[in-house]
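Peer 1: These protein sequence lines map, in sequence, to chains G and A. For what it's worth, the working numbering labels the leading residue of the first sequence as 16, then goes sequentially. For what it's worth, the working numbering labels the leading residue of the second sequence as 9, then goes sequentially.
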Amino acid sequence: MADLPPPVQGPTAKEKKYDRQLRLWGATGQLALENSHILLINNGPGVVGIETLKNLVLPGIGQFTIQDSVVVTEADLGVNFFLEDQHLGGFRAEHTSNLLKELNPDVKGHFITEPIESWLVRPDALRPYTLIIATAPVRPELLAKLSDHASAALLPLFYVHSVGFYSHFSVHLPSAFPIVDTHPGSETTADLRLLKPWPELLQFAEEKTANLKSMSPDDHGHVPYLVLLLHYLEEWKKTHNGEVPQSYKEKTEFRTTVSQGARTNNPEGGEENFDEAVAAVLKSLNPPQASSSVKEIFTAPECLLIREDSPTFWVIANAIGLFYTKYGVLPVPGSVPDMKARSKDYIQLQNVYKSKARKDLAEVLESVRFLERNANRSTPIEEKDVEAFCKNAAHIKLVRGRPFHVVQAGQKVKWGDRARSLAQELTFPDSLIPLYIVFLAWDEFTATHDKDALGGTAQAPGETDADTDAEKLTGIAQTIMDGLIKEAGTHVEDPEYSTIKTQIGEFAQEFARAGAAELHNIAALTGGIVSQEIIKAITEQYVPVDNTCVFDGVKSKSAVFKV
Amino acid sequence: MSIEAQNPVSGTTASPRARWKYLDNILTRSGPFTDPDAFMPGETVIESLSRAKVLLSGAGGLGCEILKNLALSGFKDIHVIDMDTIDVSNLNRQFLFRQADVGSYKAEVAARFVEKRVKGVKITPYCGKIQDKDEAYYMQFAMIVCGLDSIEARRWINATLVGMVDENDPDSLKPLVDGGTEGFKGQARVILPTMTSCIECQLDMHAPRAAVPLCTLATIPRQPQHCIEWAHIIAWEEERKEITLDNDDPEHITWLFQKALKRAQEFNIEGVTYSMTQGVVKNIIPAIASTNAIVAASCCNEAFKIATNTNPFLGYPETANYMMYTGDDSVYTYTFEHQKKDDCPVCGAGNIARPLPVNPNITLQEFIDGLAERPEAQLKKPSIRTGEKSLYMQMAGLEEQTRPNLEKKLSDLVEDGEEILLTDKSFPTQFKYKLVYQK
Numbered sequence: 016m017a018d019l020p021p022p023v024q025g026p027t028a029k030e031k032k033y034d035r036q037l038r039l040w041g042a043t044g045q046l047a048l049e050n051s052h053i054l055l056i057n058n059g060p061g062v063v064g065i066e067t068l069k070n071l072v073l074p075g076i077g078q079f080t081i082q083d084s085v086v087v088t089e090a091d092l093g094v095n096f097f098l099e100d101q102h103l104g105g106f107r108a109e110h111t112s113n114l115l116k117e118l119n120p121d122v123k124g125h126f127i128t129e130p131i132e133s134w135l136v137r138p139d140a141l142r143p144y145t146l147i148i149a150t151a152p153v154r155p156e157l158l159a160k161l162s163d164h165a166s167a168a169l170l171p172l173f174y175v176h177s178v179g180f181y182s183h184f185s186v187h188l189p190s191a192f193p194i195v196d197t198h199p200g201s202e203t204t205a206d207l208r209l210l211k212p213w214p215e216l217l218q219f220a221e222e223k224t225a226n227l228k229s230m231s232p233d234d235h236g237h238v239p240y241l242v243l244l245l246h247y248l249e250e251w252k253k254t255h256n257g258e259v260p261q262s263y264k265e266k267t268e269f270r271t272t273v274s275q276g277a278r279t280n281n282p283e284g285g286e287e288n289f290d291e292a293v294a295a296v297l298k299s300l301n302p303p304q305a306s307s308s309v310k311e312i313f314t315a316p317e318c319l320l321i322r323e324d325s326p327t328f329w330v331i332a333n334a335i336g337l338f339y340t341k342y343g344v345l346p347v348p349g350s351v352p353d354m355k356a357r358s359k360d361y362i363q364l365q366n367v368y369k370s371k372a373r374k375d376l377a378e379v380l381e382s383v384r385f386l387e388r389n390a391n392r393s394t395p396i397e398e399k400d401v402e403a404f405c406k407n408a409a410h411i412k413l414v415r416g417r418p419f420h421v422v423q424a425g426q427k428v429k430w431g432d433r434a435r436s437l438a439q440e441l442t443f444p445d446s447l448i449p450l451y452i453v454f455l456a457w458d459e460f461t462a463t464h465d466k467d468a469l470g471g472t473a474q475a476p477g478e479t480d481a482d483t484d485a486e487k488l489t490g491i492a493q494t495i496m497d498g499l500i501k502e503a504g505t506h507v508e509d510p511e512y513s514t515i516k517t518q519i520g521e522f523a524q525e526f527a528r529a530g531a532a533e534l535h536n537i538a539a540l541t542g543g544i545v546s547q548e549i550i551k552a553i554t555e556q557y558v559p560v561d562n563t564c565v566f567d568g569v570k571s572k573s574a575v576f577k578v
Numbered sequence: 009m010s011i012e013a014q015n016p017v018s019g020t021t022a023s024p025r026a027r028w029k030y031l032d033n034i035l036t037r038s039g040p041f042t043d044p045d046a047f048m049p050g051e052t053v054i055e056s057l058s059r060a061k062v063l064l065s066g067a068g069g070l071g072c073e074i075l076k077n078l079a080l081s082g083f084k085d086i087h088v089i090d091m092d093t094i095d096v097s098n099l100n101r102q103f104l105f106r107q108a109d110v111g112s113y114k115a116e117v118a119a120r121f122v123e124k125r126v127k128g129v130k131i132t133p134y135c136g137k138i139q140d141k142d143e144a145y146y147m148q149f150a151m152i153v154c155g156l157d158s159i160e161a162r163r164w165i166n167a168t169l170v171g172m173v174d175e176n177d178p179d180s181l182k183p184l185v186d187g188g189t190e191g192f193k194g195q196a197r198v199i200l201p202t203m204t205s206c207i208e209c210q211l212d213m214h215a216p217r218a219a220v221p222l223c224t225l226a227t228i229p230r231q232p233q234h235c236i237e238w239a240h241i242i243a244w245e246e247e248r249k250e251i252t253l254d255n256d257d258p259e260h261i262t263w264l265f266q267k268a269l270k271r272a273q274e275f276n277i278e279g280v281t282y283s284m285t286q287g288v289v290k291n292i293i294p295a296i297a298s299t300n301a302i303v304a305a306s307c308c309n310e311a312f313k314i315a316t317n318t319n320p321f322l323g324y325p326e327t328a329n330y331m332m333y334t335g336d337d338s339v340y341t342y343t344f345e346h347q348k349k350d351d352c353p354v355c356g357a358g359n360i361a362r363p364l365p366v367n368p369n370i371t372l373q374e375f376i377d378g379l380a381e382r383p384e385a386q387l388k389k390p391s392i393r394t395g396e397k398s399l400y401m402q403m404a405g406l407e408e409q410t411r412p413n414l415e416k417k418l419s420d421l422v423e424d425g426e427e428i429l430l431t432d433k434s435f436p437t438q439f440k441y442k443l444v445y446q447k
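1. Going by the beta-carbon positions, is the gap between residue 43 of chain A and residue 71 of chain A smaller than 9 angstroms?
2. Check distances from the C-beta atoms of the region 512-545 of chain G to those of chain A and list, in chain order, the residues that come in under 7 angstroms.
3. In chain order, what residues of the same chain have a beta carbon less than 6 angstroms from the beta carbon of residue 433 of chain A, not counting five sequence neighbours either side?
4. Which chain A residues sit within Cβ distance under 8 angstroms of residue 130 of chain G?
5. With DSSP as the reference, label residue 27 of chain A as helix, strand or coil.
6. Could you tell me whether the region 548-566 of chain G touches the region 78-94 of chain G, using the rule of 3 or more Cβ pairs below 8 angstroms?
7. Which of the three DSSP states, helix, strand or coil, is assigned to residue 579 of chain G?
8. List in chain order: all unbroken beta strand (DSSP E) runs of 3+ residues lying wholly within the region 53-104 of chain G.
9. Just to make sure I have the definition right: I need the residues of chain G whose C-beta is within less than 8 angstroms of the C-beta of residue 229 of chain A. Which are they?
10. Are the Cβ atoms of residue 58 of chain G and residue 111 of chain G separated by less than 9 angstroms?
11. Can you tell me the Cα-Cα spacing of residue 223 of chain A and residue 292 of chain A, whole angstroms?
12. What's the call for residue 251 of chain A, buried or exposed, on a 16-neighbour Cβ count within 10 Å?
13. According to DSSP, simplified to helix, strand and coil, what is residue 11 of chain A?
14. Name the chain A residues whose beta carbon is nearer than 8 angstroms to that of residue 558 of chain G?
15. Whether or not the region 332-350 of chain G and the region 187-203 of chain A are in contact is what I'm after, with contact meaning three or more pairs of Cβ atoms, one per stretch, closer than 8 angstroms; do they touch?
16. Report the neighbours of residue 452 of chain G on chain A: residues whose CB is nearer than 9 angstroms to its CB, in chain order.
17. Which first and last residues belong to the beta strand (DSSP E) in which residue 2 of chain A is found?
18. In its own chain, which residues sit with a C-beta less than 7 angstroms from the C-beta of residue 94 of chain G, not counting the 5 before and 5 after it?
19. What number of angstroms, rounded off, separates the C-alpha of residue 497 of chain G from the C-alpha of residue 545 of chain G?
20. In the DSSP assignment, what are the bridge partners of residue 573 of chain G?
21. Tell me the rounded alpha-carbon separation between residue 409 of chain G and residue 205 of chain G.
22. Could you tell me the alpha carbon to alpha carbon distance between residue 356 of chain A and residue 350 of chain A, rounded to whole angstroms?
23. Note down, in chain order, all residues in the region 41-55 of chain A with a beta-carbon under 7 angstroms from any beta-carbon belonging to chain G.
24. Say whether chain A places a C-beta atom closer than 9 angstroms to the C-beta of residue 580 of chain G.
25. For a test of the three-state rule: what should DSSP assign to residue 306 of chain G, helix, strand or coil?
26. Could you confirm whether any beta carbon from chain A is found closer than 9 angstroms to the beta carbon of residue 575 of chain G?
27. Express the C-alpha separation of residue 184 of chain G and residue 415 of chain G in angstroms, rounding to a whole number.
28. Between the region 481-492 of chain G and the region 539-556 of chain G, do three or more beta carbon pairs fall short of 8 angstroms?
29. Per the DSSP calculation, residue 2 of chain A is bridged to which residue(s)?
30. Using C-beta distances below 8 angstroms, list every residue in its chain close to residue 413 of chain A, excluding the 5 sequence neighbours before and after it, in chain order.
31. Could I get the ranges of all uninterrupted beta strand (DSSP E) runs contained in the region 158-240 of chain A, with 3 residues as the minimum, in chain order?
32. In this structure, how does DSSP classify residue 404 of chain G when only helix, strand and coil are distinguished?
33. Go ahead and label residue 439 of chain A buried or exposed: buried means 16 or more other beta carbons lie within 10 angstroms of its beta carbon, across all protein chains shown.
34. Beta-carbon within less than 7 angstroms of residue 316 of chain A's beta-carbon, same chain only, minus the 5 sequence neighbours each way: which residues are those?
35. Where residue 273 of chain A and residue 358 of chain G are concerned, what is the direct C-alpha to C-alpha distance, given to the nearest angstrom?
36. Taking residue 6 of chain A as the query, report the chain G residues whose CB atoms sit under 9 angstroms from its CB, ordered along the chain.
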């Protein structure tokens, strides 16, 4: 290294503006946002969709388009922040789009005022968009069309309700939605291989503990805790037929042994490095097995057969699967938590882990290249992608996206392979499945009720007569509930059955009370959650909701389940 | 309510409540969960909501959202306090501010913006500190909503509101709704001062990040952050003592960055960057619009329910008062009742001292340094006395007198199990602890 410090490149204007979010999803996440074009199909009072877009325009998506053929009325001004008095009588799509654009000059905003029925049948109407949000109510046949498009074009589709104190969204992700950069919590990341150390690590530990007993107090208090654990594990193995501590009882015994190694004849009455070692025993002494969800990825059909056009994810997954089959462990991630240690020892220890990680990476990379040649792939996968995969191999996630329910008038809601587990969850105290069922019923109600009897504008429960509509809605919801229980092939006995019926009835009354109303707070809260999920879907970072979430603003509770 | 014709084009002949059509569905109809004794649907609740005076403390990431939400919840008389001015790094989430507003007062700009956008709402800004205001000021509000980024400010307002409660005057009890976020996570909570668990009762749920020991910084750095802290705490003092460090001055950050980088190279440590330097020195917490939206809206949903009784609210005694939100791994909320603590130094009975386990061999100075970090105390500049004597006082004059105690061992000053009283000028209250010596 040269003695002169490198010239300082201060942050760019963009880095300054986006500083607080770049610390979460980094430059690659930001680039993904900037390349997105989000379509909002806005319906109903139209607040939740706009609030969602607000939280996406601010962090700098590339473009958005609002489809909305409604004209601004007085009622909009009391609930939608992105409209003003002067917009009365104008198109809601146009004015909300303009006011949203003011939030961030880097974002392009567009609007479409043509009614969805005619607009959506145009060829390629949906082609420009990388993600679609539709807010309820949407005619079932149109929602089904959007769902088909999401399946075919492999793009995320969000369907969102915000009604009174309640909200819901479902997301239809591509059938294989893998995430490498899941950002696991710092406490879960350390895979230190203490029970399966490689020779270099063992050797390092041996060297550093060669004269542990006779070390000076200062040296003794600075032996890194990882090294201490490795040392005591070797000692333990000598008296336990070469086995490491396995049961909880053995681990606590082992922990006692470690703590007895600490010197206490000092003013502090103990040693920090030993404290760290003792604290790490129960969470670090676990066999470095891949989780079942990671192993499922290795046996997925897409992973087993690598083709010329297989997505990068599957090629790397296959290569890591080979590594796992061969060694019974995943590649070493290579990071070491901070611990009491001298700088030099710590850096050395870090290098032992890093060089093992590099060695493992090289082996995986070799397999990747082999697979590429075999499948005649033209562009080689970048090494940094393989490296990122190796580093986070224990935490990669695969979400199997699937279509959500589209309630068709007069047709039964089908629950398929989810029937059993949802029917079971339905009976749990405080379950929010009944709330989801009432949302489905709400869709059926709006699909079968028109404001003008011309099939033009859907009418929501409670817009005119709350009590009558609450009863109707309850009836529809109960039919859906009974359908679920029947499809699951189960029975729900009293008192559970009556309890669920009561819950459904109460939810239905509260829905009817709201009429078609959105409450700004619930719309804003839901727009916050949906935008967070959209950021995850676009950046392919963090772990998305799979695939449905409801929020109960009366009790301030949410639930996530798969439908 | 009478039904009047709407004219969507001119908007002039519409009834005065036409724009609150959606809100009025909720305000004029009872629901299955409304308490018939508390909820007065129709004119009564509409009138009381429009008269309720609310204070918003904080006009930053949460504050901007809260202000918008309160205005669109039907509140008409909102006051907002914030001492900060707008920085360019606020613009990715503080949506009431534009590039041209950089440098102006947040409270001022935010109030003007929402007043203009939502007709009929009056917003009174105050550009200053919450501590500038006295009890008489806080007494005028129906409730206080906080979107603050500092624990200290929250504790101050909490202690003030608890102190204001007069048993004989129900109006003296001001509900406190508080929100906080960090990255994809956050929480919303409601406090009925003296009745339910307060901010101080919940203090240990928001433990400060442990500081790196000075000796690590000075002699055995291992992480890039250690090198930055060294430059920040040690090198600056040694080499630029005469200059006051300004975290917002790029020249200062650059100097620290280069110092840290050089030190990192000496120790073969990788990873010091300009952005990391800024993050460590300014203690930057990642913040995004969506999390702020969630937490702020949850706070306002509760504030609206408290003001209207349209539905049960968080914080009603013996029910849930706290919602925790996590959004980085799917979506998870945990809504629960945080229990009031009898030994709470702010809202407890006052005669129970909170036990504080300590090593009797440390000096008073070390004990004081540790108080800043201990989750159950978090006091930065405390004065300490026992029932009989002053151990250390921060006030000029007394400071010199008590300074020699700093070097003494704790066990030479205080008995095991003895009570101590702490005061800190950041808080309008005193904290009573009982020292419990560890073996």
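Beta carbons are placed, not taken as given, at the ideal position from N, Cα and C, and that holds for glycine. Please read these numbers as outputs of a predicted model, since none were measured by experiment.
Peer 2: Checking against the coordinates, here is how it stands:
1. no
2. 521, 524, 525, 528, 529, 530, 532, 533, 534, 535, 536, 537, 539, 540, 542, 543, 544
3. none
4. Within 8 angstroms Cβ-Cβ: nothing; residue 130 of chain G doesn't reach chain A, min ~17 angstroms.
5. Three-state result, residue 27 of chain A: helix.
6. no
7. Chain G is shown only over 16 to 578; residue 579 of chain G falls outside these bounds and no answer can be derived.
8. 78-82
9. 358
10. Cβ distance not < 9 angstroms, so residue 58 of chain G and residue 111 of chain G don't count as in contact.
11. 24 angstroms
12. exposed
13. Only weak support exists for where residue 11 of chain A lies, its pLDDT of 42 falling under 50; the value from the coordinates is given anyway. Note: residue 11 of chain A maps to coil in three-state DSSP.
14. 336, 337, 338
15. no
16. Listed along chain A is no residue with a C-beta nearer than 9 angstroms to that of residue 452 of chain G; the closest approach is about 16 angstroms.
17. The requested residue 2 of chain A is not part of the displayed model; chain A covers only 9 to 447.
18. Excluding residues within five positions, the ones whose Cβ falls inside 7 angstroms are 60, 62, 533, 535.
19. 30 angstroms
20. G:566
21. Cα to Cα, residue 409 of chain G sits roughly 10 angstroms from residue 205 of chain G.
22. The straight-line gap from Cα to Cα measures roughly 5 angstroms.
23. 41
24. Past the edges of chain G, shown from 16 to 578, lies residue 580 of chain G, and the structure says nothing about it.
25. coil
26. yes
27. 17 angstroms
28. With the cut-off at 8 angstroms, the region 481-492 of chain G and the region 539-556 of chain G do not touch.
29. Given that chain A is displayed from residue 9 to residue 447, the structure contains no residue 2 of chain A and the question cannot be resolved.
30. 372, 399, 400, 421
31. 184-190, 193-199
32. helix
33. Per the 10 Å Cβ criterion, buried.
34. 35, 53, 57
35. 12 angstroms
36. One cannot answer for residue 6 of chain A here, as it falls past the ends of chain A, which runs 9 to 447.
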